[in-house]
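**Student:**
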Amino acid sequence: MTEILQQIINGIAIGGVYVLIALGLTIVFGILGIAHFAHGSVSMFGGYLTFFLVAQQGYPLILAILVALVVGMVLGVLIELLAYRPVRNANHINAFIVALGLTMMVEGINLQFFGAEQVVIPTDAGRVFSIGGVTLPELRLYVILAAAALILAMTIFVEKTKTGQAIRAVAENRDAAILMGINVQMIPLIVFAISTALGVAAGVMVGSLFAIAPGVGEGLVVKGFAVLILGGLGSIPGAVVGGIVLGVTEALAAGFISSAYKDVIAFVVMIAVLLLRPQGLMGRA
Amino acid sequence: MKIRALLGCSAATLMLVGGAHAAEKTLTIGVADALTGGAAVYGLPQANSVEMAADEINAAGGIAVGDDTYMLDVIVYDDKANPTEATNAVRKLIDRDGVRYILGFCCSGATGAVASFIEYEDAVMLVGNAAERSITTQGISNLVRTRPPADYTGAAAGAFVAKQGHKRIAVLGALETSFYASYVEAFEEEFKKSGGEVIAHEVFASKDRDMSPQLTKIREMQPDALLVVGYVEPAAFAYRQATELGMDVPRYGFTSGSEEQFLRVASSEQMEGVWDLRPTELTLQSTTDAGLAYHANYSERFGDAPSPSSPYAYDQAWALKHAIEAAGSVEDTEAVAAALRELEVFPEAVMQYLPVEGKMFDQNGQAYTANGAFQWQEGHWVFVEELPSDQEAYSRFLSTVN
Amino acid sequence: MLEIRGLRTGYGAIEVVHGIDLDVNEGECVALIGANGAGKSSTLKTICGLLPARDGQIRFDGHDITNRKGHAIVQAGITMCPEGRQVFPGMSVMQNLRLGAYARKGADIEEMLDMFPILRERAGQAAGTLSGGEQEMLAIARALMSRPRLCIFDEPSLGLAPKIVAEVAQTIARIKAMGMTILLVEQNSLMALRLADRAYLFEAGEIVLEGTGTELQTHPEVVKAYLGH
Amino acid sequence: MPRKQIFLLIALAAFIALPQLISVKYYLHLSILALIWVIMAQGQNLIQGYTGYVSIVQAGFMGIGAYSTALMGSHFGLPVTLTIILAPLVTAVFALATGYPSLRVKGHCFAIVTLAFNMVIFIVLLNFTALTNGEAGITGIPKPGYGRGAWIDFHDRQVYYYFVLIVAVAMTALAALIVRSRIGQILLAIRQNEDLVASVGVASWKYKLFAFVVSAMFAGLAGALYAHYQSFINPEIFSVAQSLDAILAVIIGGSGTLTGPVIGAFIVVFLPEYLRFADSFRLILYGLILVLATIFMPRGIVGLARDIASRLGAR
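Residue numbers (the working numbering), protein chains in the order written: chain U, 57 to 341; chain E, 38 to 439; chain P, 94 to 322; chain B, 2 to 316.
1. What in chain U is Cβ-close to P/Leu288, meaning under 8 Å?
2. What's the gap between the Cα of E/Val438 and the Cα of E/Thr106?
3. In this structure, how does DSSP classify E/Val393 when only helix, strand and coil are distinguished?
4. Among residues of its own chain, excluding the 5 on either side of E/Ala303, which ones have a beta-carbon nearer than 6 Å to its beta-carbon?
5. If you run the structure through DSSP and keep just helix, strand and coil, what is B/Thr52?
6. Helix, strand or coil, according to DSSP, for U/Glu59 in the structure here?
7. Tell me which residue opens and which closes the alpha helix (DSSP H) that B/Ile122 is part of.
8. Let me know the secondary structure DSSP gives B/Trp1 once reduced to three states.
9. Expressed to the nearest angstrom, what Euclidean distance is found between the alpha-carbon atoms of P/Met205 and P/Gly225?
10. Which chain U residues sit within Cβ distance under 7 Å of P/Cys141?
11. Just list the beta strand (DSSP E) runs in the stretch 266-303 of chain P, keeping only unbroken ones of 3 residues or longer that don't cross its boundaries, in chain order.
12. Which parts of the stretch 139-211 of chain P are runs of the alpha helix (DSSP H), unbroken and 4 residues or longer, counting only runs that do not cross its ends?
13. Give the secondary structure of P/Arg235 by DSSP, where H, G and I count as helix, E and B as strand, and everything else as coil.
14. Which value, in whole angstroms, describes the spacing of the CA atoms of E/Tyr220 and E/Ser344?
15. In three-state DSSP terms, what is B/Trp152?
16. State the CB to CB distance for the pair B/Gly301 and B/Ile252, rounded to an integer number of angstroms; the pair is presumed to be in contact (CB under 8 Å).
17. Going by C-alpha distance, which of B/Gly53, B/Tyr230, B/Val114, B/Thr92 is nearest B/Pro102?
18. With DSSP as the reference, label E/Ala76 as helix, strand or coil.
19. State the DSSP-derived secondary structure class of E/Gln412, mapped to helix, strand or coil.
20. Taking E/His238 as part of the beta strand (DSSP E), name the residues at either end of that continuous run.
21. Just checking: is the beta-carbon of P/Gly252 within a distance shorter than 7 Å of some beta-carbon in chain U?
22. Restricting to Cα atoms, I'd like to know which of B/Leu286, B/Leu259, B/Tyr275 is closest to B/Val39.
23. Can you give me, in chain order, the residues of the stretch 214-235 of chain U that have a beta carbon less than 9 Å from any beta carbon in chain P?
24. Can you tell me the Cα-Cα spacing of U/Leu308 and U/Leu284, whole angstroms?
25. Run down chain U in chain order and give the residues with a C-beta less than 7 Å from the C-beta of P/Met205.
26. Compare the Cα-Cα distances from B/Gly148 to each of B/Ala137, B/Val263, B/Gln193, B/Val160 and report the closest residue.
27. Just to confirm before moving on: does the CB-CB distance between B/Ile65 and B/Leu116 stay below 7 Å?
28. Is E/Ser27 buried or exposed, if buried means 16 or more other CB atoms sit within 10 Å of its CB?
29. With a cut-off of 8 Å on the beta carbons, I'd call U/Leu235 and P/Gly163 a contact; round off their distance for me.
30. Closer than 7 Å, CB to CB, is B/Tyr287 near chain U or not?
31. Going along chain E in order, which residues have a C-beta closer than 7 Å to the C-beta of U/Ala316?
32. Could you compute how far the alpha carbon of P/Gly155 sits from the alpha carbon of P/Arg242?
33. Between the alpha carbons of E/Asp132 and E/Val111, how many angstroms are there, rounded?
34. List the residues of chain B that U/Phe342 touches, going by C-beta distances under 7 Å, in chain order.
35. Would you mind giving the Cβ-Cβ distance between U/Ile65 and U/Val190, rounded to the nearest angstrom? I have them listed as a contact below 8 Å.
36. Taking 8 Å as the cut-off, does the stretch 96-106 of chain P touch the stretch 139-152 of chain P (at least 3 CB pairs, one atom from each stretch)?
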């Protein structure tokens, strides 16, 4: 029992990171229909930047995160304007190829600026809590809490604010949204800013809890898309449920089936969902 | 003014005269190694150390072959530790640049790809840090390797851990990487001899940084000790997460990571007491004068301490110099390859090679170094003792493997 | 209020509207009738900025709004209740209504719920779960939420049961009675001409006839082709 | 003779003469790799260029072809020529199993699902060490023919070049046949408007699956040729990065054309050679080229050439 509980706790922390990545992906997909493949690498850029500011420039962690969030938002806006907007009306393949090209570029930029060695954002959180044999490191607790807070903030933003409602409207019906007087040229910029901010938050989490290294972002973005397919494309509750499900599945698979094939098992779950429920766990039929 | 110009003139004349005496030629050697990507941590220092060795050899008068003196010139290509890129790099060195001597090679996949065709080339290949055993079991006569295979070290480690009195040990490692797997295999064999048992073989991939699921499973099995085998980046997380999960069993490992690399991930308290059972390589506490000089020169030249495994490549360059001089030819690669097999350990060597029948490389072209047990004590790796290794016996064993 | 001169528009390589002139005066209800694909809906889309104009001019209140961005046209005071209703299916009725008022400050939802009591009953329900007639009411209410000065209806009766069609017609009549300027495209020509003060007949991307609603109702060509007896 | 056929003959003659024109053998080596990539890219083009589905599993299928030819040879002692022929068939079986679920989604999601499959193939190749020997890979894969010194010696790179050239030309011809057939026309129609195709009663999924499987077989064959040429394979070569190169080859060359993949394959193999000067910037440069090419040259080099030709012709 302790083991199962411990594995679920293990899975929730990484699941929280998946959720944040998937939320960023899902709002972009909902609005533009683009699989923003560079999202993982951009998120890692945010993590790297935070590391750079903390470890090399001596910024306090919170300030560094704030700076990284702002820089990330600007970067997101630039990506939309310079890369995706020009292919908005072209074949959907083109947008995906642009996404792949962007991924290469951002990975290259990360490599150029921050090197090939793994990077860990230093934090002070080193305590470990233990309840009845189940342990929870302080840092993981913060990551879970931060992820929960961001998910809550995101839900409130989308459901309760005018801008959030406009974003949903554009996702559901672009033409009708125009008729509501929504500036549909602006919405993608806002969406990319939010998406990248969420990604940077995930990048900081990965960078402090684990490490950032070349290729980590790409691995993460694939997991993010697996979450999307699991939860339902463009669905915010789907991203939350799918992310936790994927994280816990991986931990349980590694703990009880095979650590070598845990990613394979995660993808098999994704394929199974695709076959049995193509619209995803939370998607509408 | 005039006097100085005259002096300059005569100096130039002198040099011309000197040059005409014995022909000074250039020998171009090649390096194929990972300069970018994840494996650059191993490859780049190796490439640097070859360039440094070449300059030192040149400064010491070059390579003397008959009446000629050869000055070394080094071409370095990036193989990204990728087999196709490595093949391309070596093809280019041989076919386009006319290079006959190729050094470097930090990583097994890329090395294996090149080893599969080098036999048929008019060239000599010197392998460095790549630890996969099969590289020197194929009887390739124009290939030698300075680093011992991982299982040679694994066996010594198994005997050492058994001696500590552990009976049930859990393994967590990059077991999909075959030289790590072979380390564990040899470890297990030795460990079993004294009645021990390996109760778990859990795997992490090179990009995994969250090993808590595997460790949770291991924790449940209540082993006497933990053995972590893999690249330092993930291994450091395994050590840290083991403490986070409240595991307080002794931890052994095979990672060859530096102090800085571990401290980036885990605190010194979390690392306290961890053992690293590995080839002795370059450690300031246990090295020779050549090693100290190497460390100082490298640090000065590249502004960064050399990686512990980088001297494998440095020693390649010196081994090549001595072999060419012994063979008396730069053109006859067969003679040079044969001379390498006959070479005795030379004074410039940084690693502490254990000769086999008096030779640096055995009949398979394999060199052996001492293995050591290092322990993390208050923020530092401390050399505790040499691991008992029998290079002669292993060399005989290696000849039987195919 | 709305003046269109020499308007051309189309999709890709195909031009579907070949230079039309059209006027809507303040407080008037104007209907566009004609066969499928005659260019009526394309004209509406072009007015609302959903489709770019290739040539010609659209003026609203004397200002040129040709090829302005869609949201700017809404801000100028034109709103459209689109063909096929186009509610936001995953959002609640209330959320749909609030979005109707996106372009302006404040929202008087109560007023709208009084006008369409059925929407009050369905307030928390996802719009996608409403019946066709209810969705049409929601789409109309949503359009009115922006307090437009010109309200455009594109095929409001499309795909609805006859009983509901009558209800929709009544609703539009009520809105007209409130003094709203209306531009209406409707397959059901009889319904359109009864509601309209004036009407234009489209044929193959051109306007072939213009007159008051009553005139056109009795025009032999219209009777023969569109009112069918 | 029509202009197109003259062009074709000149191109063929150039490929035949190429080994004689190359003085540095290294470029012959790269040319062989490029021809293998032509087969890869022609396959990728069938699904990406003609059907409009970006598949990111081409390198995975190449790996299945490479490993199956090597393993059939070493485990069952089958002759090399036979295993090369069987390799695409083995690949087809895997492609059927992966294509069926993947094709349930469209567009971007299809791309992601196939990418997941490439990762699965990679992980299995890496971890199923009993069969694949893991990261260390398989060494000593034999060449076709009768060994060293035989009258046709495949160890001679010129011989292997002509061998691969014949296969590459045959596969390009096969791709041309498929594209011009009724099936090819339906594939094109699917790219244009899949809903329309479905609405006229064509079971579009069958055609998509066909395109997917055939494209995988091309990759499997390329993998087999690669394995016997290099004599060494390991999982690294068949990772997602290589699948992206296949996409790059099609896009840069010109997707939905037969010449495009040929040009693209040579670019993908040779471009890194000429970008060495900017080695550390290579990834950035690559990505930039991809983005700019997609935005400003969406129909690839072939499309650009056609535009220029028609403009010149118009004058």
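Note that beta-carbon positions come from the ideal geometry of N, C-alpha and C, so glycine has one too.
Note that the structure is predicted; figures quoted are calculated from it, not measured.
**Tutor:** The structure says:
1. Under the 8 Å cutoff, chain U gives no residues; its nearest Cβ is about 21 Å from P/Leu288.
2. 40 Å
3. strand
4. Ala273, Tyr276, Arg277
5. coil
6. helix
7. 108-128
8. It is not possible to answer for residue 1 of chain B, since the shown part of chain B is limited to 2 through 316.
9. 19 Å
10. Leu235
11. 274-278, 291-296
12. 163-169, 186-193, 202-208
13. helix
14. 21 Å
15. coil
16. 6 Å
17. B/Val114
18. coil
19. strand
20. 234-240
21. no
22. B/Leu259
23. Glu215, Lys218, Gln221, Ala222, Arg224, Ala225, Ala227, Glu228, Asn229, Asp231, Ala232, Ala233, Ile234, Leu235
24. 20 Å
25. Result: empty, since nearest Cβ-Cβ is about 14 Å, beyond 7 Å.
26. B/Val160
27. no
28. Residue 27 of chain E lies beyond the range of chain E shown here (38 to 439); nothing can be said about it.
29. 7 Å
30. yes
31. Glu213, Val240
32. 14 Å
33. 16 Å
34. In the structure as shown, chain U starts at 57 and stops at 341, and residue 342 of chain U therefore has no counterpart that could be examined.
35. 6 Å
36. yes
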